[in-house]
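Novice:
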Amino acid sequence: KAGVTQTPRYLIKTRGQQVTLSCSPISGHRSVSWYQQTPGQGLQFLFEYFSETQRNKGNFPGRFSGRQFSNSRSEMNVSTLELGDSALYLCASSLGLLGPNTEAFFGQGTRLTVV
Amino acid sequence: EDQVTQSPEALRLQEGESSSLNCSYTVSGLRGLFWYRQDPGKGPEFLFTLYSAGEEKEKERLKATLTKKESFLHITAPKPEDSATYLCAVQNILTGGGNKLTFGTGTQLKVEL
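Protein chains in written order, with my numbering: chain A, 18 to 132; chain B, -7 to 105.
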């Protein structure tokens, strides 16, 4: 079955612009989480959506936002881009709450470069 | 605040030379500890979840163990294809029922012929 799909794979934006990243979870998965990965900080949790509701939010400024649609697809938006937002953005999906029979599967990520 | 510390940061092994990676954690209520493998340019790939101290899980040349303060990923007779970054993460039972994972910065493993 198809895995987690993230689009686009690569993106170059200018400081001050905004960007929208997309994530299509594995069919049937209702939980989608977003992470930012940088060489210095590693993977940091951005937010999680379950059945169109934000269930958890990490310590990121309000410029980072997200949403989930009724088909479980999710988007995240970053406004007023800064150089420090350059990172690999990863999306993970799962059936529901992580547990003995529920794993989180990651997509390939979107590499965002802010210039 | 949940914290995960992985050591060493980088490890170079000869093929067949067994070793262990360490993951120390501080969490107010551990729901699960996760191990992932990440290859360059790819997303993390799930390996194991451990839920309680004393639990062990195995997969091919990998074995993960858990105590109340740390987890070990033992690699037996590694091969070059085991070269990757290994990530450890914890899930806090007190995060309102969500799937938030707190990750360590990983151990970059290189296995040479």
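Using N, Cα and C, we set each Cβ at its ideal position, and we do this for glycine too. In this text, all values refer to a predicted model and were calculated from it rather than measured experimentally.
1. Compare the Cα-Cα distances from B/GLN24 to each of B/PHE38, B/GLN6 and B/SER44 and report the closest residue.
2. For B/PHE95 and B/GLU52, I'd like the C-alpha separation in whole angstroms.
3. Any contact of the segment 2 to 19 of chain B with the segment 63 to 72 of chain A, i.e. 3+ C-beta pairs under 8 Å?
4. Could you work out which residues of chain B lie near A/SER50, taking near to mean beta carbons separated by less than 9 Å?
5. For B/LYS51, which residues does DSSP report across the bridge?
6. Excluding the 5 residues flanking A/THR55 on each side, which residues of the same chain have their C-beta closer than 7 Å to its C-beta?
7. Could you name the residues that DSSP lists as bridge partners for B/SER16?
8. Where A/ILE43 and A/THR127 are concerned, what is the direct C-alpha to C-alpha distance, given to the nearest angstrom?
9. Looking only at DSSP bridge pairs, what is B/GLU37 linked to?
10. Nearest-angstrom Cα distance between B/GLU73 and B/VAL103?
11. Going straight from the alpha carbon of B/ALA56 to that of A/PRO117, what length do you get?
12. On a CA-only basis, which of A/VAL36, A/ASN88, A/VAL131 and A/PHE86 is nearest A/GLU99? Give me that one, please.
13. Compare the C-alpha of A/GLY75 against each of A/GLN53, A/ALA121 and A/SER39 and name the closest.
14. Answer yes or no: does any C-beta atom of chain A fall closer than 8 Å to that of B/PRO36?
15. Within 10 angstroms of its Cβ, does B/GLY21 collect 16 or more other Cβ (buried), or is it exposed?
16. Buried or exposed for A/PRO78, going by 16 or more other Cβ atoms inside 10 Å?
17. Report the residues of the segment 68 to 86 of chain B with a CB closer than 9 Å to any CB of chain A, ordered along the chain.
Specialist: Result, derived from the coordinates:
1. Working through the second sequence from its first residue, we reach residue 24 of chain B at position 32. The amino acid occupying residue 24 of chain B in the given sequence is Gly; Gln does not appear at that position. Comparing Cα-Cα distances from B/GLY24 to each of B/PHE38, B/GLN6 and B/SER44, the minimum goes to B/SER44.
2. The sequence position of residue 95 of chain B within the second sequence is 103, counting from 1. The sequence position of residue 52 of chain B within the second sequence is 60, counting from 1. Cα to Cα, the separation comes out at about 24 Å.
3. no
4. One-based indexing of the first sequence puts residue 50 of chain A at position 33. Ordered by position in chain B, the residues that pass the 9 Å Cβ test against A/SER50 are GLY90, ASN91, LYS92 and LEU93.
5. Along the second sequence, one-based indexing puts residue 51 of chain B at 59. B/LEU54, per the DSSP bridge assignment.
6. For the purposes of this step, residue 55 of chain A is identified with residue 38 of the first sequence, where counting begins at 1. Once the five neighbours on either side are set aside, the close Cβ partners of A/THR55 are ALA104.
7. By one-based count along the second sequence, residue 16 of chain B stands at place 24. Beta-bridge pairing links B/SER16 to B/THR(-3) and B/GLU62.
8. Residue mapping note: residue 43 of chain A aligns to position 26 of the first sequence, counting from 1. Residue mapping note: residue 127 of chain A aligns to position 110 of the first sequence, counting from 1. Their backbone Cα atoms lie some 17 Å apart in a straight line.
9. Translated into positions along the second sequence, residue 37 of chain B becomes position 45. In the DSSP output, where bridge partners are listed per residue, B/GLU37 has B/ARG29.
10. Residue mapping note: residue 73 of chain B aligns to position 81 of the second sequence, counting from 1. Residue mapping note: residue 103 of chain B aligns to position 111 of the second sequence, counting from 1. The alpha-carbon atoms of B/GLU73 and B/VAL103 are separated by roughly 8 Å.
11. Residue 56 of chain B sits at position 64 when you count from the first residue of the second sequence. Residue 117 of chain A sits at position 100 when you count from the first residue of the first sequence. So the two alpha carbons sit approximately 15 Å from each other.
12. On the first sequence, position 82 is the one that residue 99 of chain A refers to. Among A/VAL36, A/ASN88, A/VAL131 and A/PHE86, the Cα nearest to that of A/GLU99 is on A/VAL131.
13. As a position in the first sequence, residue 75 of chain A is number 58, starting the count at 1. Nearest option by C-alpha distance: A/GLN53.
14. The residue given as residue 36 of chain B occupies position 44 in the second sequence. For B/PRO36, the answer is yes, since a Cβ of chain A falls inside 8 Å of its Cβ.
15. Here residue 21 of chain B corresponds to residue number 29 of the second sequence, with the count starting at 1. Counting Cβ neighbours within 10 Å, B/GLY21 comes out exposed, since fewer than 16 surround it.
16. Walking along the first sequence from the start, residue 78 of chain A turns up at place 61. Result: exposed.
17. LEU79, ALA81 and GLN83
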